[in-house]
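Please read the structure below before turning to the comments.
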Ligand code: SAH
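Numbering (our numbering), first residue to last: 7 to 235.
Given below as structure tokens:
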């Protein structure tokens, strides 16, 4: 049990047998939907998604749905998290850059799989929240950054894997530059709410391949930062 205080409110975080049972059911559902990577399924089974939701939605955390979080953003569908993570073929020790920390759930899945995670968020409110919260629930190894993901995180590059968790119109050039040779970049892209999931592989400094991996819904990838007041 973890007891945390924020804005003068105390919230108690408990991961009990009922939550664990619901999580196992969700994992079975993700398997039935085609997720095959055992390491991804084990990570989803291990990370208590209800910790990342507002108390109003915590009961529904193991439904395969997106939910609102602060700053008018969303925590992605578990299927979307699993799908993007599977495409990256995460290995222990991979250096991974995530664009769009949001609730921090995706970052924890990557960290749970043994990746060294750097995660950027443009909403200061969400950055402040996850920077305090992730270490409190045991994910001390995730490096949270406040900034514009369009610029990536040049000071920590190159990355073995890059994951964009907001819907883009273009791949920022900086992200290709910060990807290691042999590395993979997954990004949802498109001009409508439905985005095409693209998987780029950097074959060499001059050659990048791209595969289309189906349609998904995302909040927009926006330029610049948003300060909390
Ligand atoms: N990975 C998150 C999903 C959050 S939704 C999770 O597991 O909960 C996408 C997030 O991307 C939002 O929080 C949004 O503020 C952020 N975002 C959008 N454009 C961005 C940018 N240019 N740089 C960094 N974060 C961005």
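Here a beta-carbon is modelled for each residue, glycine too, at the ideal position from N, C-alpha and C. Please read all numbers here as calculations on a predicted model, not as lab measurements.
Practice item. Could you spell out where the beta strand (DSSP E) holding residue 133 opens and where it closes? Key: Reading the chain shown from its first residue, position 127 is the one you call residue 133. No beta strand (DSSP E) holds residue 133; the alpha helix (DSSP H) holding it covers 130 to 142.
Span of the alpha helix (DSSP H) around residue 27 = As a first step, residue 27 is located in the chain shown; it is residue number 21 there, counting from the start. Unbroken alpha helix (DSSP H) run through residue 27: 23 to 38.
inquiry  = What does the alpha-carbon distance come out to for the pair residue 34 and residue 89?
reply    = For this step, residue 34 is matched to residue 28 along the chain shown. For this step, residue 89 is matched to residue 83 along the chain shown. Here the C-alpha atom of residue 34 lies approximately 14 Å from the C-alpha atom of residue 89.
Compute every distance between the C-beta of residue 112 and the non-hydrogen atoms of ligand 1, then say whether any falls below 7 Å. Indexing the chain shown from 1 puts residue 112 at position 106. Under cutoff, so the answer is yes.
* Asked: Excluding the five sequence neighbours on either side, which residues of its own chain have a C-beta within less than 6 Å of the C-beta of residue 122, listed in chain order?
  -> Taking the chain shown and counting its residues from 1, the one referred to as residue 122 is at position 116. These residues qualify, in order along the chain: 101.
*So does the stretch 159 to 169 actually touch the stretch 217 to 224, counting three or more Cβ pairs closer than 8 Å?*
Not touching, per the Cβ criterion.
**Prompt:** Per DSSP, what kind of secondary structure is residue 163 in: helix, strand or coil?
**Reply:** Residue mapping note: residue 163 aligns to position 157 of the chain shown, counting from 1. Residue state, collapsed to three classes: coil.
(message) Based on DSSP bridge pairs, tell me the residues matched to residue 173.
(response) If you number the chain shown from 1, residue 173 lands on position 167. In DSSP, residue 173 forms a bridge with 226.
- Item | Residues near residue 46 by beta carbon distance below 6 Å, same chain, minus five either side | By one-based count along the chain shown, residue 46 stands at place 40. If we look at residue 46 and ignore the five residues flanking it on each side, its Cβ neighbours are 88, 91, 92.
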